[in-house]
Amino acid sequence: MESIPYEHGLILASILFSLGLIGVLTRRNIVFVLMSLEIMLNASGLAFIVAAARWGHAEGQIMFLMILTLAAAEVAVGLGLIIQMYRRFQTVDINVLSEMKG
Amino acid sequence: MITLFYLAGAIAIISTVAVIVQTNIVHALIYLILSLLAVAVIFYVLGAPFAAMLEAIVYAGAIMVLFLFVIMMLNLGQHTIDQERSWLSLRGWIAPTIMAGLLLTNFLYVMDGIDHGVEPTRVGVLEVSVLLFGPYVLAVELASILLLAGLVAAYHLAKKRD
Amino acid sequence: MLDLIWLLPTFPLLGFLVLVLTAGKLPKPIVALIGAGSVGASFLLAALIAFQFANGGEDHYVREVWTWMAVGDFRSGFSFYLDGLSMVMMLIITGIGFLIHLYATGYMADDPGYSRFFSYMNLFVAAMLMLVLGDNLVLLYLGWEGVGLCSYLLIGFWYTNPENGYAARKAFVVTRVGDTSMAIGLFLLFAQLGTLNIQDMLSAAETEWAVGSGFAIAASLLLLGGAVGKSAQLPLQTWLPDAMAGPTPISALIHAATMVTAGVYLIARTHVLFELAPDVQMLVAWIGLITLLMAGFTALTQSDIKRVLAYSTVSQIGYMFLGLGVGAWSAAIFHLMTHAFFKALLFLASGTVILSLHHEQDIFKMGNLRKKLPVSFLSFLIGSLALTAFPFTSGYFSKDEILLGALALEGVGTWLWLGGVLGAFFTGIYTFRLFFLVFFGESRGHEPDKEVGGWHMNGPLYLLMVGALLAGFLHLPLEAVFNHGEAFEEHHVSALVHGFMIASPLIGIGVSYLFYMSGSLSVAGLMGNPLSRLLHRFWHSGWGMDWLYDRLFVFPFLWLARINRADLIDRCYGVLVELSRAGNELLVRTQTGYLRWYALSVVGGLVLIVSLGVLL
Amino acid sequence: MILVALIAILFVGGLLAWASERINPALPKYLALLTILLDLLLMTQLLQAEPDGAWLALIDVEWLPRFGIGFFLAADGLSTLLLLLTGFLGLMAIGSAWEEIKERSGFFYFNLLWTLAGVLGVFTALDLFLFFFFWEVMLIPMYFIIAIWGHENKNYAAMKFFIFTQVTGMLMLISILVLAYFHYVQFGAFSFDYRDLLNVSTSGRLEFWVMLGFFIGFTTKLPSVPFHSWLPDAHSQAPTAGSVILAGVLLKTGAYGLIRFAVPLFPEASLAFAPVAMALAAFSILYCAKVAFAQTDIKRLIAYTSVSHMGFVTLGVYAWNEQALQGAVMTMLAHGLSAAALFMLAGGLQYRIHTRNMPDMGGFWPRVPRMATVAVFFSIAALGMPGLGNFIGEFLALLGAFKANIPFTVLATCGVIFAAVYSLWVIQKVFHGEFRNEGFEESSLADLNRREMVYFAAMMIGLVWMGMYPQSFLDLSAGSLNNLLAGTQELLALAQE
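Residue numbers (my numbering), protein chains in the order written: chain A, 1367 to 1468; chain B, 1359 to 1520; chain C, 3 to 618; chain D, 1143 to 1639.
Encoded structure:
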């Protein structure tokens, strides 16, 4: 079996992470923002798996498991918040939520 | 195997790009699922079948369905696509792209010089489980508490109040 | 009897305390009894003490009542020192003080502040006695400041008029300038000689300092500063004419007979220091001469009866300074005493005139008063003669001694003498100008109903008349005090010199007669040309000294005070506050409330830190 | 033990006064009065105590031995004088608050008594940690007194007071910690004990900075230019009792700190720093006298005069010889009385006519002759009239300072001219001249009542006593000052070898 360059796995994770970041920063629709966050979390999970594969350990997968749990909980709470927000403001535009300005 | 890795990687990147530039939210979600599945393939290629399974089931399955439900509840129809288009001005992309680009450059700079092949060794469910319920049992407990908290919070937040 | 000396200031002090604590609730006769009686008691005691002291044959007598301060090597007792000089001073203060108190019981009879007046007067006498009896400079300073305070309180006695308040503050602050110089002098003396006891200090100075040494010059200059302040000499003379705002007995007691001569006393008391600094002593003479001439010119132009007398006081103290400056110590003190008599007499008489005319003080609104006010007329006649040094009045002897002392000095002595003689000529003019204008000629305005008086006002006048006439025949027991260096007794003076000295005031009187009595010379004619009008204005304003000081000191101070009312340093802290507020504003801008902005900032920070971590 | 009792009585009395308000709003003031009287009674015990070495009373208990922190209170003659002053002025403060404070009186007297307790602690604590603790204890109740019972601009003034004293207190804390650390380095253990810290040899450049921390902490409290600007605001806004405590007692803690800590702990640095400190003092005297003259708010004016007079204390302390130190101590005592009395007079005026603005006043003498006489007395005391306490203090301070530094002493002496200018100006504006009535009830302008006369009479007697027979005070403080002098001279001699 050919070996997969370790480096390339990490580069992939970085690219996915950066793309997610662009999404978080660019989109005004809060659902998109949440989705982009998922991408970023997933990218970090990928990095763990790549590292785990590099050393042949199982700990990386455990970390991925943790991230997965986190993502699940985060999505649940986040989506609940989105529903609340939509009920109050009738919009998914996060710029509406700017009352905490100085 | 290595071809599969690059292929899945390319699909993941392209579909992710599609997610962040999409105006139709349902399409975006489908691209996201695609991206996640591609990553799951990569996991498998890297010798982590358990993770790949979870990725497919929990991420691409459960979480995305949750998203879908919410999108349905919010009833975001055709008008949101136009709204989405008006929100996505070209100017808005510049700063985030520069930032992300910088970050990426940093990452690449750090990774430069690491040259190590990965021999995918299969790390199956057993090894993971042994570790998970051995030294990392506390982490499992924490994860369960977190999920419980997420559950309660989501229920509480999404409840209709009159 | 001598050890009762501490009772001298105690009597008037008790009088003061009683009058203050009863706060004007006592009936007037009792106030008068306490006020004048306490000083009278002091006088009787002083007379007894003086008698015993004079017959005791001792040089001096010291009595310490208690230790005032003793800190390390500094020690100052509450102790009294009696010698010829302080004996003369104490008799003048209590004696003339008593007469003036007695006079004031009548003069102030209608004033609502009767009790307050006498309480201040008593406090003054007590402080003045402390001044002359103190055996150390700190105690002297206590009296020195105390009399200044009383002077302030009494000048501003009629406080509803803000001008009186201004005059009072001016007097206090100007003399305080001098006092401060004196205080610094005290510090210097203590730092160098290690004691402030006058006699110890003087003997230490004699042994440790050479003639003309820097310390001696500095110390005597600083003390001189105090003396010119209190005695209204150049350059601190401006307060005295304004001080006439107080009731007339005050002018007589404080601003003629006693307090203003404290400077003369101080220099005489510390004459050893001045002898160690001949240049400073010469400065004293010149200050005296210039002051006496300037004040003489100014007195010529005044129209307020009390201001004329005030300037003449400045001028006469100038003579005393001249005497001190040329080393004629006894002569200066002698003149101090005779001056106390005739100037108190003149002031009290002017008080009677003023009161009879219902508080009119302008001499050009008086005239032809000799019939209406016979006692005042007689008092003024005798007082004026003594003031102008008419032969065989008291002023004649004392002024004569001073001028002879000046002449005895080698070199500049002749000039000093000539200046003094010239001053005497002016004294003749201005004194009799006043006299003729008030008591002769046409009545100009006010007609008195009758002369105010009564035994308690006229009695003191008569006694002072006797004093003004005959005090010149007294012999003051000062040899023991100034036992060194009065060599001019032997000096031979020609008859011509004597003739000059007798003639100059007489010529002055004659000139005055021509101008103001016979009318053969006319003031209006003199005032015809602009130059003399200008001179008149210049002299009238006291050589523009007030104008000058206002611009040099008062206005800059007020200006500084005004621009810095809000306290510049406080403003600096205000700048600090503003800066932090501006910083706050700046940071508030970053709080946009937009989630994406915060995310962007977080990423920016992350990028920065990671880049730094990578690059470094 | 007696020292602990002194402080504890005040703490407990404060709590009781606070609690008693629920029973009857008039009760706290009686309780406070009782507490202070009890304290004063105990202090007289202190005067009769047999000296134990240098100390009249001493208590030293371990507290946190690991850090060398002890509960170490001690009083010598100097402390005792200041304790008596504190007790006496506490009494005066309660007297001046008697009618003025009607709202939340329980909490007021609580704060008052706790401030006094803090002050007593500061005057007796010889463990620097404990000292700092008391330093803060006296600060916070004072903040409440200004912020709750103050006048129109009270929050600003209270905040300014708090920030100034707190920030500079922080500097002092840093210095204390550094000093304790020095002790650790040199002797192997932490110690905050004054006696131990005296032995810490602190030479070199660091010493200067550590000394500066103390200096700034104390001169802010004193205060001296340029750290004075909280004082006019605090005074003009504080209630009368607050001003009395502030001017009479709190300022003296700064002076006490300089004498007890700043100089003896750092003799070399202080010696080098003395010309600067004396220059600051002289500048303080002249500058604040000038600013005082320009004020129209009578309390602000008196506050500036306080700063000006405290300049003589700084001058005296940094001259560091016996006359100058005695002068500084006498100035502290005499100024405590005279400034407190002046603030009570100003407060009394404000209570009557509801203004502090001098242009609105004038010609009050015939209406309030007793008040006018008292005012003249204290103004004259403030301008340094011989025969009253302030003169003794200023004279001795200048006499001693002249030996140390001639130019600055001469400048400082000129300050007494300005003192005359502003003191007489106040008398002129308020009591002399034509009667002026700018918008106040004429009937409310009543003369001093009997209670007030008793207080003023007590202070007048105090000042005359200090002026005429200062020896009774000088003797008490002479021992402690000589000890301090000898100690520093020893250290200096050691350093020179």
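All residues carry an ideal CB built from backbone N, CA and C; glycine is no exception.
This one's a predicted model, so the numbers in the text were calculated from it and none came from an experiment.
When you compare each of the options to residue i by their alpha carbons, which one comes out closest?
i	options	result
D:L1339	D:A1380, D:F1271, D:W1507	D:F1271
C:L285	C:F323, C:Y83, C:G97, C:K345	C:F323
D:I1144	D:A1517, D:I1569, D:T1222, D:W1205	D:T1222
C:A2	C:H477, C:Y551, C:A106, C:E60	Chain C is shown only over 3 to 618; residue 2 of chain C falls outside these bounds and no answer can be derived.
C:F18	C:R535, C:R591, C:V127, C:A56	C:V127
D:F1276	D:P1283, D:G1263, D:D1269, D:L1268	D:G1263
C:V468	C:T395, C:I404, C:W561, C:L480	C:T395
B:P1407	B:L1387, B:I1421, B:E1485	B:E1485
C:S183	D:F1519, D:T1551, D:F1306	D:T1551
D:L1281	D:V1516, D:H1293, D:L1258	D:L1258
Listing by chain order, which chain D residues have their CB less than 7 Å from the CB of residue i?
i	result
C:F192	L1541
Distance, Cα to Cα, residue i vs residue j?
i	j	result
C:F559	D:D1335	49 Å
C:G42	C:T272	30 Å
A:F1431	A:I1415	Per the sequence shown, the amino acid found at residue 1431 of chain A is Leu instead of Phe. If you take the alpha carbons of A:L1431 and A:I1415, they lie about 10 Å apart.
C:G443	C:K367	11 Å
C:F490	C:A334	Note on C:F490: pLDDT 49, under 50, position unreliable in the model; no value is reported.
D:P1511	D:D1589	7 Å
D:L1627	D:E1410	13 Å
D:P1368	D:S1426	8 Å
D:P1170	D:S1586	27 Å
C:L9	C:S40	11 Å
D:Q1379	D:A1299	7 Å
D:G1399	C:V90	51 Å
D:I1358	D:G1396	10 Å
B:A1370	B:L1392	7 Å
Find the residues of chain C that neighbour residue i, judging by a C-beta separation of less than 8 Å, and give them in chain order.
i	result
A:L1385	Within chain C, no residue comes near A:L1385; the closest Cβ sits about 13 Å away, beyond 8 Å.
B:M1457	L602, V605, G606, V609
B:L1460	V609, S613
Does the beta-carbon of residue i have 16 or more other beta-carbons within 10 angstroms, so that it is buried, or is it exposed?
i	result
D:R1592	exposed
D:C1430	buried
C:D244	buried
C:W146	buried
C:V579	exposed
B:M1430	exposed
D:N1499	exposed
B:I1503	exposed
Name, please, each residue of chain A whose Cβ falls closer than 7 Å to the Cβ of residue i.
i	result
C:T594	S1464, K1467
Give me the chain D residues within the contact set of residue i, using Cβ-Cβ distance strictly less than 8 Å, ordered along the chain.
i	result
C:M71	I1534, L1538, P1612, Q1613, L1616
So which residues of chain A does residue i contact, with C-beta pairs closer than 8 Å?
i	result
B:L1474	Correcting the residue identity first, residue 1474 of chain B is His in this sequence and not Leu. Those within 8 Å of B:H1474 in chain A are P1371, Y1372, E1373, R1420.
What in chain A is Cβ-close to residue i, meaning under 9 Å?
i	result
C:R598	V1390, L1391, T1392, R1393, R1394, V1399, I1460, N1461
Using a cut-off of 7 Å between C-beta atoms, extract the partners of residue i located in chain C.
i	result
B:V1468	V616
D:E1294	Correct list: empty, because the minimum Cβ distance to chain C is about 17 Å.
B:A1453	L602
D:E1464	V73, G74
For residue i, return the contacting residues in chain B, with the cut-off set at a CB-CB distance below 8 Å.
i	result
A:L1378	G1367, A1370, I1371, I1400
Run through the stretch 1278-1308 of chain D for me and flag every whole beta strand (DSSP E) of 3 or more residues, listed as ranges in chain order.
none
Can you list the beta strand (DSSP E) stretches of 3 or more residues lying completely in the stretch 257-329 of chain C, in chain order?
none
Please list the segments of the alpha helix (DSSP H) lying wholly inside the stretch 1395-1433 of chain A, counting only runs of 4 or more residues, in order along the chain.
1396-1421
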